[in-house]
Amino acid sequence: MKAIFAAVFWVMGALAARAASCDASLPAPMALRSADIVENYQPTLQICRAGGAEQVAIRRMTLKGEPALLLADPATLTTKLERASCWTCADAEESALADTRMMRAIVHSAEAPGLIHRTFLNNAGLTHGDKGGAYFTGDLCPSRNPMDRAFLATLAGKATPISLSISGLWLKHHFADYRWLLDRQAAGDFAITWTNHTYTHPYRKGVAEGANFLLTPGVDADHEILETERLLIANGQTPSLFFRFPGLVSSSPLMQAVRRHHLISLGADAWLALNERPRDGSIILVHPNGNEELGLKIYAKDAAKGALPSPLKPLDEAPP
Ligand SMILES: [Zn+2]
Numbered sequence: 011m012k013a014i015f016a017a018v019f020w021v022m023g024a025l026a027a028r029a030a031s032c033d034a035s036l037p038a039p040m041a042l043r044s045a046d047i048v049e050n051y052q053p054t055l056q057i058c059r060a061g062g063a064e065q066v067a068i069r070r071m072t073l074k075g076e077p078a079l080l081l082a083d084p085a086t087l088t089t090k091l092e093r094a095s096c097w098t099c100a101d102a103e104e105s106a107l108a109d110t111r112m113m114r115a116i117v118h119s120a121e122a123p124g125l126i127h128r129t130f131l132n133n134a135g136l137t138h139g140d141k142g143g144a145y146f147t148g149d150l151c152p153s154r155n156p157m158d159r160a161f162l163a164t165l166a167g168k169a170t171p172i173s174l175s176i177s178g179l180w181l182k183h184h185f186a187d188y189r190w191l192l193d194r195q196a197a198g199d200f201a202i203t204w205t206n207h208t209y210t211h212p213y214r215k216g217v218a219e220g221a222n223f224l225l226t227p228g229v230d231a232d233h234e235i236l237e238t239e240r241l242l243i244a245n246g247q248t249p250s251l252f253f254r255f256p257g258l259v260s261s262s263p264l265m266q267a268v269r270r271h272h273l274i275s276l277g278a279d280a281w282l283a284l285n286e287r288p289r290d291g292s293i294i295l296v297h298p299n300g301n302e303e304l305g306l307k308i309y310a311k312d313a314a315k316g317a318l319p320s321p322l323k324p325l326d327e328a329p330p
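If you read the sequence shown in the numbering used here, its first letter stands for residue 11, the second for the next number, and so on.
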């Protein structure tokens, strides 16, 4: 009996040691780190195996001089950064992943039936999730205003799952607010899913939507996607599989760009400031970046009345 226990503890110890030594994520920074410390950042599609585990590598990079991978779990949709040397990987075709929940979510979110305006798509992508709660998404678009810490603090619980759509320019100019989020997460208040909200988040007031946001002439969609991921990784966090278009405005070619990078386009069916009411399974959208107080007020009022679907669920659970 003793020997069995010893063996079990040895295996558990070995697994824990492996998990610790394979983790390639960088520690939380004390000051903004440049994206340049994430070198050779490239999209890839590989199936990687270690022990009995199987993961999908969607990016490769060099971190602190060592090859590393951004890995997605094809069943749970969670992501992690690990040292490449811990995995045995082989190039994969999308067809080899067609039956996975991950690939189904990516492909389905890139379809946009019935959403076509004359020149653009509005709110294309995943707009509603699995029932039994709701999904909190807060967009951190570039802003001159400080983040609404007081509002976000009201969400704190036992690792309350929240999704924050981060733009590169917001992170660059709001490091103290970003660091506050990491500290609250480390304290166990939140579990944050980082959604890609593009690097520059183009927007010009008064310009028609079909030529605004990511449809602004000259925008490099690949750079907008990949550079945001690099900056987030440089600053100690892990990008998720989710991507949200600025203004929820896109086009078929842009949807295909997101799909090509193996991300899931995320819309919303309860943008509170637009008076969209949340229901069971709703993807709720507010802006805690100081630019849209109305949505936060509606959220707080609904929460006080018990009028929001609960509990809040991790975004990874939203796709079918
Ligand atoms: Zn935005």
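All residues carry an ideal CB built from backbone N, CA and C; glycine is no exception.
Check whether residue i and residue j have beta carbons under 9 Å apart
| i | j | result |
| --- | --- | --- |
| Glu76 | Ser95 | yes |
| Gly246 | Ala60 | no |
| Ala328 | Ile293 | yes |
| Asp33 | Arg70 | no |
| Arg254 | Leu284 | no |
| Ala122 | Leu136 | no |
| Ala102 | Leu55 | yes |
| Gly291 | Ala144 | yes |
| Asp326 | Thr203 | yes |
| Ile243 | Asn206 | no |
| Thr147 | Ile176 | no |
| Lys323 | Asp140 | yes |
| Leu2 | Ala134 | What the structure shows of the chain is the stretch from 11 to 330, and residue 2 is not part of that stretch, so it cannot be assessed. |
| Asp8 | His271 | Lying outside 11 to 330, the shown extent of the chain, residue 8 is not represented and no answer is given. |
| Ile57 | Leu91 | no |
| Pro256 | Phe223 | yes |
| Leu306 | Asp193 | no |
N- and C-terminal bounds of the beta strand (DSSP E) containing residue i
| i | result |
| --- | --- |
| Trp204 | 200-206 |
| Pro156 | First-last for Pro156: undefined, no H or E at that position. |
| Lys74 | That residue, Lys74, is in no beta strand (DSSP E); it is neither H nor E in DSSP. |
| Glu92 | 89-93 |
| Ala100 | 98-101 |
| Glu49 | 48-60 |
| Val296 | 293-296 |
Nonlocal neighbours in the same chain, by C-beta distance under 7 Å from residue i, ignoring five residues either side
| i | result |
| --- | --- |
| Trp281 | Leu295 |
| Thr164 | Ala310 |
| Val229 | Pro212 |
| Ala82 | Gln65, Val66, Ile68, Thr89, Met112, Leu251 |
| Leu162 | Pro298 |
| Asp312 | Leu318 |
| Pro288 | Ala144, Ala280, Ile294, Leu318, Pro319 |
| Ile47 | Ala244 |
| Ala45 | Glu237, Arg240, Leu241, Ala244 |
Sequence-distant residues of the same chain with beta carbon closer than 8 Å to residue i, five excluded per side
| i | result |
| --- | --- |
| Pro227 | Ala221 |
| Ala115 | Leu87, Leu136, Leu251, Ile274, Pro329, Pro330 |
| Glu104 | Leu55, Met113 |
Buried or exposed (CB count within 10 angstroms, at least 16 for buried), residue i
| i | result |
| --- | --- |
| Met40 | exposed |
| Leu304 | exposed |
| Ala67 | buried |
| Gly178 | buried |
| Ser261 | buried |
| Arg240 | buried |
| Gly142 | exposed |
| Val217 | exposed |
| Pro263 | exposed |
| Ser320 | exposed |
| Asp109 | exposed |
| Ser153 | buried |
| Asp187 | buried |
| Thr208 | buried |
| Ala160 | exposed |
| Ala78 | buried |
Own chain residues within Cβ distance below 6 Å of residue i, not counting five before or after
| i | result |
| --- | --- |
| Thr98 | Arg59 |
| Ala169 | Gly198, Ala201 |
| Ala120 | Met265, Arg269 |
| Pro156 | Gly300 |
| Glu302 | Ala283 |
| Trp180 | Leu150, Pro152 |
| Ala166 | Asp199 |
| Glu286 | Ala280 |
Residue i, enclosing alpha helix (DSSP H) - first and last residue
| i | result |
| --- | --- |
| Arg254 | That residue, Arg254, is in no alpha helix (DSSP H); it is neither H nor E in DSSP. |
| Ser262 | 262-270 |
| Glu239 | 231-244 |
| Gly305 | 303-315 |
| Asp193 | 185-196 |
| Val117 | 111-119 |
Item to check | Distance cut 6 Å, beta-carbon to ligand 1 heavy atom: residue list by chain order | outcome: Asp149, Cys151, His207, His211, Pro256
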